[in-house]
Structures are given as C-alpha cells and as structure tokens.
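Have a look at the structure below, then the notes.
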Amino acid sequence: EGEAFYVPRSENREEAQKQVDIFRPFFENDRIEKIGQNLKYDILSLRHYGISVKGKLFDTMIAHYLLNPELRHGMDYMAETYLKYKTIHIEELIGPKGKNQKSMRDVDKQVVCDYAAEDADITLKLKNMLEEEIRQNNFDYLFYEVESPLVYVLADMEWTGVRLDLDALAQLSEEFTAELQQVEAEIIAMAGEEFNVNS
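Take the sequence shown: its letters are residues -3 to 195, numbered as in the numbering used here.
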C-alpha cells in the first residue's frame, strides 16, 4: 500500500504491443493473483493485445456487490465509504459523459499518472478491507469459487458475443405482436369503449 507505478502506453500500436508484451508473463501466470476494480474491463482490454489473463482474481467491485448488493459499487463511492478518502474522479480529467467528453490521451501524462497510481493504491486498500469482510461473513467459497471465476466467463461471453437466430426472433416478434393486439382488443371490449390502452 502507498506505492504504485504507472507505465504510459504508446499511441503507436506496435510500440504499445511491445510494452504490453513485457507484462505478459505476469498477466498469463496462473499462480499470481490479479487484483482490480472491474477486472472484466481490464481482461477485455488486454485481449486486444493478445494477452489471456489467468489466475485467481480479486475484483473489489464484485466483492463489494456480494457484501452489499443494495449499494453502489464504484471505486469512488467505496473509497469514501471505507477509507474516508475522496478520489480523483475521472470526470475531473475528461469531463462528463457525452459527445464532448475528452479522451485520456488528451490529459497531461503526470495527471494521468497521479490518477492511475491513486486508482491502484485505493483498489489494493479496498481489497484488503473487503477480503476481511468476506472472511467474517463466511463468503469465501461463494466469492472465490463462484463469483470470481464468473468474471472470466462473462469476459469470454462479451468477447465472443452471442449468436442470434434472426428468423426465430422475427417469428417471435410477429407472434408477440398478434398476441398483444388480441389482449388490447379484449381490454377495449371489457371497457365497452375505445381508448388508448398504452396510456
């Protein structure tokens, strides 16, 4: 805790690939635990560089969801709740979501470094706290054997996509439309007068 490193990725694809490849042995080593906030995003980002993340995962977002499903699970919220610490919000760097939002490439590298280092440090601090809560609540099996492996499954599903039978979907759409029209007609008949059923 309290120490982090930032490696700025080159904007040149070939150079970026060389940089990422330096870390390949770490990411693909199944004996090294990977800790992060929303690891599915990181796993998918690394796949674009041909890296297949392996090993035990500790995703602070998933851990917090398991412990407190009714609350928000963003790192900023968890940092304020658990650590009483106000993080650098991404919106401070790139602006609010929307068409005018900047890219991280547009932000000064030192500012990005501070943001990324804080993100890594806060995530580790949260991991240490959440891990203890998981133990205290006897959620070890559920977290490590069910929820964490699901991150890989969900990443695979998102990467691969889902095959759709468009003909079957079109047929279902026709059937549902006909059924809906029949139900609407029955409602109007029961009411005894025409009106907009959807209002």
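For every residue, glycine included, the Cβ atom is placed at its ideal position computed from N, Cα and C.
Hey, K215 and L126: beta-carbon distance below 8 Å or not? Since the first residue shown for the chain is -3 and the last is 195, residue 215 is missing from the structure and cannot be characterised.
Hey, quick one: how far does the beta strand (DSSP E) through I31 stretch, first residue to last? Residues 30 to 32.
For L165, three-class secondary structure by DSSP: Helix at L165.
What does the alpha-carbon distance come out to for the pair E88 and G32? Straight-line Cα distance between these residues: approximately 21 Å.
In whole angstroms, what separates the C-alpha of T83 from that of K121? Roughly 13 Å between the two C-alpha positions.
Pick helix, strand or coil for L53, following the three-state DSSP scheme. In the three-state DSSP reduction, L53 falls in the strand class (E or B).
G46 versus F19: straight-line alpha-carbon distance, rounded: Distance between the alpha carbons of G46 and F19: 12 Å.
Would you say F54 touches the ligand NAP, meaning its beta carbon is less than 7 Å from a heavy atom? As far as ligands go, the structure on display features none, and thus does not contain the ligand NAP.
Helix, strand or coil: how does DSSP classify H85 here? Here H85 sits in coil by DSSP.
Counting Cβ pairs, one atom from each stretch, are 3 or more of them under 8 Å apart for the segment 128 to 143 and the segment 58 to 65? The way I'd put it, the segment 128 to 143 does touch the segment 58 to 65; three or more beta-carbon pairs between them come closer than 8 Å.
DSSP three-state assignment for S144, whether helix, strand or coil: DSSP places S144 in helix when its eight states are reduced to three.
Span separating the alpha-carbon of Y78 from that of E114: Those two C-alpha atoms are separated by around 15 Å.
CA-CA distance, R101 and R43? Cα-Cα distance, rounded: 20 Å.
Whose CA, out of D152, K123, S6, lies closest to the CA of A75? Ranked by how close their Cα comes to the Cα of A75, the residues D152, K123, S6 have K123 in first place.
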